[in-house]
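Numbering (the working numbering), first residue to last: 1 to 167.
The structure under discussion appears below in the form of structure tokens.
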Amino acid sequence: MTALTYLGGYPESLKAQVLQLIEGGKLGDFLAKRYPDSHSIQNDKALLAYTMDLKNRYLRSSAPLAKVIFDGKINVIKDALGLHTYVSRVQGNKLKAKNEIRIAALFKAAPPAFLKMIVVHELAHIKEKDHNKAFYQLCQHMEPDYHQLEFDLRLWLTWRDLEKGTQ
């Protein structure tokens with residue numbers, strides 16, 4: 001039986017539907033039909049510009065970002081899909097804070113909707129540190145289909161692992 005590593009918190013009925021797609025060899029086709037496009041954001045400079053555009057559109061008054069990069073060292077299962085770090089340093093008599101966002105490098109090859117979902121998720125952490133109701137409301141403000149995209153991203157990761165033979 002296929003392990004649904006990325007779908008742990010979802011209802012059994014939904015997992016059963018996913019298993020039917022997998023067993024029928026149709027998960028890849030389902031995802032390709034739903035997300036046929038690719039994006040051109042392939043380097044850190046383009047990712048920074050993309051992220052800043054979203055930040056300026058939805059979180060104009062939030063803390064500035066010091067760095068936004070693709071990170072090839074992020075382990076999808078262990079570390080998540082992206083990381084938001086907040087570093088405070090004392091410089092003289094002032095406290096300087098730096099926000100950084102790191103996105104897993106695998107998103108260079110992901111559909112554009114999934115890249116946006118991850119960037120939105122990490123941007124939301126600038127205002128809301130915890131995964132609480134306010135956090136998810138902010139995510140949905142920036143991306144109304146956030147929850148569907150999160151689920152579909154988990155399907156895409158499952159399919160990706162199956163293609164690589166790691167599940």
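Just so you know, even glycine gets a beta-carbon here, dropped at the ideal spot from N, CA and C.
Could you pull the start and end residues of the beta strand (DSSP E) that D71 belongs to?
The residue given as residue 71 occupies position 71 in the sequence shown. For D71, the enclosing beta strand (DSSP E) begins and ends at 65 to 71.
Thinking C-beta only, is F135 closer than 8 angstroms to A105?
Indexing the sequence shown from 1 puts residue 105 at position 105. Indexing the sequence shown from 1 puts residue 135 at position 135. Not in contact: A105 and F135 (Cβ atoms no closer than 8 angstroms).
Ends of the beta strand (DSSP E) at I101?
Within the sequence shown, the letter at position 101 stands for residue 101. Unbroken beta strand (DSSP E) run through I101: 94 to 104.
Would you call the segment 145 to 154 and the segment 111 to 124 in contact, with 3 or more CB pairs under 8 angstroms?
yes
Which whole-angstrom value is the C-beta distance of L7 and K15, which I expect to be below 8 angstroms?
Here residue 7 refers to the residue found at position 7 of the sequence shown. Here residue 15 refers to the residue found at position 15 of the sequence shown. That belief holds up - the Cβ atoms of L7 and K15 are roughly 6 angstroms apart, short of 8 angstroms.
Cα-Cα, which of P144, Q17, E12, I22 is closest to L162?
Along the sequence shown, one-based indexing puts residue 162 at 162. Ranking the options by Cα distance to L162, first place goes to I22.
In this structure, what does DSSP give as the bridge partners for V90?
Numbered from 1 along the sequence shown, position 90 holds the residue referred to as residue 90. Bridge partners of V90: L95.
In whole angstroms, what separates the C-alpha of A66 from that of E100?
To locate residue 66, count along the sequence shown from 1; it is residue 66. To locate residue 100, count along the sequence shown from 1; it is residue 100. Near 6 angstroms, if we compare the C-alpha coordinates of E100 and A66.
Distance, F107 Cα to L4 Cα:
One-based indexing of the sequence shown puts residue 4 at position 4. One-based indexing of the sequence shown puts residue 107 at position 107. Approximately 20 angstroms between the Cα atoms of the pair.
Using only the alpha-carbon positions, how far apart do G24 and A63 sit?
Numbered from its first residue, the sequence shown carries residue 24 at position 24. Numbered from its first residue, the sequence shown carries residue 63 at position 63. Taking the straight line from one Cα to the other gives about 47 angstroms.
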